[in-house]
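Step one of this worksheet: look at the structure below.
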Amino acid sequence: MTTLLALDTATEACSVALLHDGKVSSHYEVIPRLHAQKLLPMIKTLLAEAGVALSAVDAIAFGRGPGAFTGVRIAVGVVQGLAFGLDRPVLPVSNLALLAQRAWREHGVSQVAAAIDARMDEVYWGCYQEHAGEMRLQGEEGVFAPERAQLPPQATGSWFGAGTGWTYAEHIAIATVGRDAELLPHAQDLLELARFAWARGEGLPADGAQPVYLRDNVATPKKSLL
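Terminal number for the sequence shown in the UniProt record's numbering: 226, no gaps in between.
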């Protein structure tokens, strides 16, 4: 059976998850500015508790952004190092998708407007719809002022607002059936999305582990972070 490792450090939350023998285990902590110190020990502990050697991992999934620049780079650097060393493929997943997947898991909502506080009075924004247990992007992701946030063309039905970007709710002109502005990405949901990607054969070579910032004018992804 497939063994997948997932990790995310793009926001205040730091989390890792493991799929092995059909079972999922995870560690999740909200530890701002401590990701660099905590991530590798969390991975080691998770593998030890599951009795799984790192060499048994078939692929490594990670939150590729958008999110905090430093946090995204920490995840990418660790993933590149592990994937190169193990000669394993990587599975990049959007952090906005992670939010939507967690909202579906915890709140049972099938249409999610995911927003992460991008600072500078802007939000990272993406709208997702559930299909057979997978939250899929509708339209495009972007970064802009909350006042510019919109649902995708042809959107119908009820939408749920998820993520720290919804602290700007008074500036977002979208009616929602509910909101969770404290929701952060969780590697458990990253793992679930990675399972769909892996089944579709979407694994990339190690150097395919690259950050996605959305703010191209602020920071541009580099070829390698190692």
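Every residue gets a Cβ at the ideal spot worked out from N, C-alpha and C, and that includes glycine.
| task | Compare the Cα-Cα distances from GLN154 to each of PHE160, PRO146 and GLN138 and report the closest residue. | result | Numbered from its first residue, the sequence shown carries residue 154 at position 154. Nearest option by C-alpha distance: GLN138.
| query | Quick one: Cα of PRO89 to Cα of GLN80, how far? | reply | Within the sequence shown, residue 89 is the residue found at index 89, counting from 1. Within the sequence shown, residue 80 is the residue found at index 80, counting from 1. Each residue's Cα considered, the two are about 10 angstroms apart.
| How big is the Cα-Cα spacing for LEU214 and ALA53? | Position 214 of the sequence shown holds residue 214. Position 53 of the sequence shown holds residue 53. If you take the alpha carbons of LEU214 and ALA53, they lie about 35 angstroms apart.
| Where ILE31 and GLU12 are concerned, what is the direct C-alpha to C-alpha distance, given to the nearest angstrom? | The residue given as residue 31 occupies position 31 in the sequence shown. The residue given as residue 12 occupies position 12 in the sequence shown. The C-alpha of ILE31 lies about 6 angstroms from the C-alpha of GLU12.
| message | Short of 8 angstroms in beta carbon distance, which residues of its chain neighbour GLY178, apart from the five on each side in sequence? Order them along the chain. | response | By one-based count along the sequence shown, residue 178 stands at place 178. The answer, listed in chain order, is HIS107, VAL109, PHE160 and GLY161.
| Hey, which unbroken runs of the beta strand (DSSP E) at 3 residues or more fall wholly within the region 77 to 144? | Here the runs fully enclosed are 90 to 93, 111 to 117, 123 to 131 and 134 to 144.
| Reference ALA187, options PHE62, PRO211 and ALA149, closest by Cα | In the sequence shown, the residue the question calls residue 187 occupies position 187. Relative to the Cα of ALA187, the nearest Cα in the group PHE62, PRO211 and ALA149 belongs to PHE62.
| said: Please tell me whether ILE74 and ALA115 are closer than 9 angstroms, where the distance is taken between their beta carbons. | reply: Residue numbering aside, residue 74 sits at position 74 when the sequence shown is read from its first letter. Residue numbering aside, residue 115 sits at position 115 when the sequence shown is read from its first letter. Not closer than 9 angstroms, so no.
| task | Give the secondary structure of ALA219 by DSSP, where H, G and I count as helix, E and B as strand, and everything else as coil. | result | Locating residue 219 in the sequence shown gives position 219, where the first residue counts as 1. With a pLDDT of only 41 at ALA219, under 50, the local geometry of the prediction cannot be trusted, and the value read off the model is given with reservation. Three-state DSSP puts ALA219 in coil, outside helix and strand.
| Residue environment, ALA118, which counts as buried when at least 16 other CB atoms sit within 10 Å | Against the sequence shown, residue 118 aligns to sequence position 118. With 16 or more other Cβ atoms within 10 Å, it is buried.
| field | Any beta strand (DSSP E) of 3 or more consecutive residues that is wholly inside the region 8 to 45 | value | Counting only runs of 3+ residues, the beta strand (DSSP E) found wholly inside the region 8 to 45 occupies 13 to 20 and 23 to 30, in chain order.
| message | Using a Cβ-based criterion (distance less than 8 angstroms to any ligand heavy atom), does ARG64 qualify as near the ligand ADP? | response | No copy of the ligand ADP appears in this structure; indeed no ligand is present at all.
| task | Answer yes or no: does any C-beta atom of chain B fall closer than 9 angstroms to that of ARG105? | result | Here there is only one protein chain, and chain B is not present.
| Is it right to say GLU49 is buried, meaning 16 or more other beta carbons lie within 10 angstroms of its own, or is it exposed? | Against the sequence shown, residue 49 aligns to sequence position 49. It counts as exposed.
| task | Could you name the residues of the same chain whose beta carbon sits closer than 8 angstroms to that of LEU226, not counting the 5 residues immediately before and after it, in chain order? | result | Position 226 of the sequence shown, counting from 1, holds the residue named residue 226. Reliability fails at LEU226, whose pLDDT of 37 lies under 50, so the model's placement of it is uncertain and the value that follows must be treated cautiously. GLY77, GLN80, GLY81 and PHE84.
| residue 244 (DSSP reduced to helix, strand or coil) | This structure leaves residue 244 out entirely; the chain is present only between 1 and 226.
| task | Please report how far the alpha carbon of residue 271 lies from the alpha carbon of GLN111, in whole angstroms. | result | Shown here, the chain extends from 1 to 226; a query on residue 271 therefore has no answer.
| Going by other Cβ atoms of all chains shown within 10 Å of its Cβ, with 16 needed for buried, is HIS131 buried or exposed? | One-based indexing of the sequence shown puts residue 131 at position 131. Per the 10 Å Cβ criterion, exposed.
| Nonlocal neighbours in the same chain, by C-beta distance under 7 angstroms from GLU192, ignoring five residues either side | Residue 192 sits at position 192 when you count from the first residue of the sequence shown. Around GLU192: GLN101.
| query | Is CYS199 buried or exposed, if buried means 16 or more other CB atoms sit within 10 Å of its CB? | reply | As a working mapping, residue 199 is identified with position 199 in the sequence shown. Per the sequence shown, residue 199 should be read as Ala rather than Cys. That one is exposed.
| Looking at LEU7 and ILE43, is the spacing between their C-beta atoms short of 9 angstroms? | Looking up residue 43 in the sequence shown gives position 43. Looking up residue 7 in the sequence shown gives position 7. Contact: yes.
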